[in-house]
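Below: one structure, written as structure tokens.
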Amino acid sequence: LEISVEAIPLVDDNAKVDPMNTGFKWYLPKETSFEDSHQMDGSKWTISGHDMQVLSASVPAGNTISTEVGTLLFAHPSMKTEVDLTLFQGAAGCQRICGGESCVKVNMTNEGTSDAYVGLTPNFPAKVIPLVFGGDVKSGSSVIAKPGALMAQLGDVDVGCNIDSNPLTCCCAGLGMCRQKLNRTSGGNPGMVFLNAGGTIVMKDLGVDETVTVDGGSVLAYEDTVQLGVVYAGRCFTCCFGGEGFFNTTMKGPGKVYMQSMNIYRYAAAVTTTVVEDRGSGGDSGD
Numbered sequence: 011l012e013i014s015v016e017a018i019p020l021v022d023d024n025a026k027v028d029p030m031n032t033g034f035k036w037y038l039p040k041e042t043s044f045e046d047s048h049q050m051d052g053s054k055w056t057i058s059g060h061d062m063q064v065l066s067a068s069v070p071a072g073n074t075i076s077t078e079v080g081t082l083l084f085a086h087p088s089m090k091t092e093v094d095l096t097l098f099q100g101a102a103g104c105q106r107i108c109g110g111e112s113c114v115k116v117n118m119t120n121e122g123t124s125d126a127y128v129g130l131t132p133n134f135p136a137k138v139i140p141l142v143f144g145g146d147v148k149s150g151s152s153v154i155a156k157p158g159a160l161m162a163q164l165g166d167v168d169v170g171c172n173i174d175s176n177p178l179t180c181c182c183a184g185l186g187m188c189r190q191k192l193n194r195t196s197g198g199n200p201g202m203v204f205l206n207a208g209g210t211i212v213m214k215d216l217g218v219d220e221t222v223t224v225d226g227g228s229v230l231a232y233e234d235t236v237q238l239g240v241v242y243a244g245r246c247f248t249c250c251f252g253g254e255g256f257f258n259t260t261m262k263g264p265g266k267v268y269m270q271s272m273n274i275y276r277y278a279a280a281v282t283t284t285v286v287e288d289r290g291s292g293g294d295s296g297d
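Start counting the sequence shown at 11; every next residue gets the next number (this note's numbering).
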């Protein structure tokens with residue numbers, strides 16, 4: 011049985027989104043991606059908004075969409091919510107938790123007799139990034155994502171962890187020792203994931219042995235064919251006062267790399283700094 015998988019374009023090829031020829035393309039979905047819905051495992055979905063986006067899905071009777079805790083925005087009365095305590099699911103549950111996910115997974119099932127809608131949104135100001143296995147992600151490849159990047163999934167998807175056994179990259183590459191590993195379930199139906207990411211999203215499809223230096227904290231996800239590495243940020247004064255630490259992260263192709271300009275930690279630090287400065291200057295907290 012041959013199953014066709016719809017690839018959702020992340021960028022409009024006709025748009026001038028890379029005037030400097032860097033190879034990085036903005037996350038700029040075609041307008042039809044907002045106006046028209048797409049399908050996966052019988053469910054139709056669409057993403058609305060320019061920032062702090064909303065994922066809306068039409069779920070057939072008996073089907074389920076899995077999401078993270080606290081992402082519900084609205085739902086049809088036929089959509090019933092149940093939770094899986096992944097903590098008690100053995101090795102699979104432990105891998106999910108080590109990958110940065112909560113010990114609770116929310117399953118929303120349509121218990122009605124016709125299609126029912128549901129709206130989901132990230133838990134922080136973010137965009138929703140759709141990745142289809144076999145489309146955006148090459149067949150047979152997995153996605154290695156930053157811990158906590160997964161927002162929701164449709165179809166058959168395995169959520170586990172990728173453990174970095176290299177002391178240099180796990181300590182200095184900015185992604186930690188355990189990362190999320192997302193892939194289509196072997197022998198299952200087509201599947202896709204929705205990641206949440208802040209700021210402007212850019213993607214680069216690295217060629218064989220092509221290497222790019224990036225800020226490790228800004229890496230959202232990459233295909234498992236990409237090799238992670240580190241390089242010295244510069245001399246002593248540069249490392250101490252340049253703001254990038256002692257190491258920068260390198261990504262070596264082939265494979266796609268997805269970057270975000272404002273991750274949740276950088277956003278939280280910026281908000282905290284603003285509040286502290288406001289209090290220090292005697293600002294009125296009630297304004």
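A virtual CB, placed ideally from N, CA and C, is assigned to each residue, including glycine. This one's a predicted model, so the numbers in the text were calculated from it and none came from an experiment.
Exposed unless 16 or more other CB atoms sit within 10 angstroms - verdict on residue i
i	result
Pro29	exposed
Gln105	buried
Leu95	exposed
Leu164	buried
Ile173	exposed
Ser140	Note that residue 140 is Pro in the sequence shown here, rather than Ser. Counting Cβ neighbours within 10 Å, Pro140 comes out buried, since at least 16 surround it.
CB of residue i within 7 Å of CB of residue j, strictly
i	j	result
Ser149	Glu233	no
Ile211	Tyr37	yes
Val240	Phe257	yes
Asn133	Met89	no
Asn176	Gly227	no
Gly265	Cys171	no
Gly33	Lys191	no
Met261	Val218	no
Val147	Val114	no
Asn199	Asp61	no
Three-state secondary structure (DSSP) of residue i
i	result
Tyr275	helix
Gly227	helix
Gly80	coil
Pro29	coil
Ala159	coil
Val218	coil
Phe34	strand
Cys108	helix
Leu185	coil
Pro177	helix
Gly263	coil
Gly203	Residue identity check: residue 203 is Val in the sequence provided, not Gly. Of the three classes helix, strand and coil, the one that applies to Val203 here is strand, per DSSP.
Phe256	coil
Gly170	strand
Ala85	strand
Ala67	strand
Gly165	strand
Val212	strand
Thr74	strand
Proximity test, residue i beta-carbon vs the ligand FMN heavy atom, cut-off 6 Å
i	result
Gly33	With respect to the ligand FMN, the structure shown offers nothing to examine, as it has no ligands at all.
Checklist line | At least three beta-carbon pairs within less than 8 Å, the region 191-208 to the region 155-163 | finding: yes
Margin query: As an exercise, report each continuous beta strand (DSSP E) stretch of at least 3 residues that is fully enclosed by the region 114-152, in chain order.
Written below: 114-120, 126-130, 137-142
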